[in-house]
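There are 2 protein chains.
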Amino acid sequence: MGAERLRNRLRVARAERRISQEELAGLAGVTRQTISSIENEQYVPSALLAFVLASRLDKPVAELFYLEGDVS
Amino acid sequence: MGAERLRNRLRVARAERRISQEELAGLAGVTRQTISSIENEQYVPSALLAFVLASRLDKPVAELFYLEGDVS
DNA sequence: GCTATATGTCAAGTATACCAGACATTCAGT
DNA sequence: ACTGAATGTCTGGTATACTTGACATATAGC
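Line order of the protein sequences matches chains Z and P. Per my numbering, the very first residue in the first sequence carries number -8; after that it's consecutive. Per my numbering, the very first residue in the second sequence carries number -8; after that it's consecutive.
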């Protein structure tokens, strides 16, 4: 899986909602560290988690996550 | 991560495009088995792969993948 | 200065995505 | 009947998502 990276606007979306990492983690059913790691792009989430996060933040998933360096 | 499942319309989208699992795998940079496993929902892909697949199939990711049993 | 909230991060463990190679089945074409 | 394309699936391996528990720092309120 080539050159493109998956970026996200999780931190901004969370700030708009004014909820903490811990609250979002609770809403999504994961740990706080998982949210932190995704925001800092230490790893990319599973597609399931990406969709759940979008759902909890009430945003389309494509607005929260996007490809960078796409070749398509 | 609770009750919801991640479903996908990969097989249909691929049929529309008339490409084989192997071709799609090549486009996405993964193996044929990976495509097969995702179509048969043996596991959910990473968010990166989900977005790459959508890009290669020229569909919005939310059209290819969707949550089922959402509580949101 | 103390305490609580929010965040970063580390280490060790478990679960699962994904790979590589192989074998089997089905179906279309000849 | 044979062949090749497409798909399913198994096994064993590696990479990485995610957990749990802990410790550190920064900031805000009292």
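Virtual Cβ for every residue (Gly too), placed ideally from N, Cα, C.
Q | Whole-angstrom C-beta distance between valine 52 (chain P) and valine 52 (chain Z), which should lie under 8 Å | A | For the purposes of this step, residue 52 (chain Z) is identified with residue 61 of the first sequence, where counting begins at 1. For the purposes of this step, residue 52 (chain P) is identified with residue 61 of the second sequence, where counting begins at 1. Valine 52 (chain Z) to valine 52 (chain P), Cβ: 6 Å. Contact.
Q: With glutamate 59 (chain Z) as the anchor, note down where its beta strand (DSSP E) starts and where it stops.
A: Taking the first sequence and counting its residues from 1, one reaches residue 59 (chain Z) at position 68. Here the beta strand (DSSP E) through glutamate 59 (chain Z) covers 56 to 59.
Q: Return the Cβ separation of alanine 38 (chain P) and alanine 38 (chain Z) in integer angstroms, given the expectation that the two are a contact with Cβ distance under 8 Å.
A: Taking the second sequence and counting its residues from 1, the one referred to as residue 38 (chain P) is at position 47. Taking the first sequence and counting its residues from 1, the one referred to as residue 38 (chain Z) is at position 47. Yes, they are in contact, since the Cβ atoms of alanine 38 (chain P) and alanine 38 (chain Z) sit about 5 Å apart, within 8 Å.
Q) Measuring CB to CB, does glutamate 65 (chain P) end up less than 8 Å from leucine 1 (chain P)? A) This structure gives no information on residue 65 (chain P), because the portion of chain P shown stretches from -8 to 63.
Q) What are the residues that DSSP puts in a beta bridge with serine 37 (chain P)? A) By 1-based counting over the second sequence, the position of residue 37 (chain P) is 46. Beta-bridge pairing links serine 37 (chain P) to Z:Ser37.
(Q) Quick check on serine 27 (chain Z) - is its C-beta less than 8 Å from some C-beta in chain P? (A) Along the first sequence, one-based indexing puts residue 27 (chain Z) at 36. Judged by the 8 Å Cβ criterion, serine 27 (chain Z) is not in contact with chain P.
Q) Among the residues of its own chain, which have a CB less than 8 Å from the CB of valine 43 (chain P), if the five just before and after it don't count? A) Translated into the one-based positions of the second sequence, residue 43 (chain P) becomes position 52. The answer, listed in chain order, is Ala19 and Gly20.
Q | Assigned exposure category for alanine 6 (chain Z) - 16 Cβ within 10 Å defines buried | A | On the first sequence, position 15 is the one that residue 6 (chain Z) refers to. Exposed, by the Cβ-count rule.
Q | Alpha carbon of serine 46 (chain P) to alpha carbon of glycine 60 (chain Z), nearest angstrom | A | Reading the second sequence from its first residue, position 55 is the one you call residue 46 (chain P). Reading the first sequence from its first residue, position 69 is the one you call residue 60 (chain Z). Using only the alpha carbons, I get a separation of about 12 Å.
Q) Which word fits alanine 41 (chain P), buried or exposed, when buried means at least 16 other C-beta atoms lie within 10 angstroms of its C-beta? A) Residue numbering aside, residue 41 (chain P) sits at position 50 when the second sequence is read from its first letter. The residue is buried, with at least 16 neighbouring Cβ atoms inside 10 Å.
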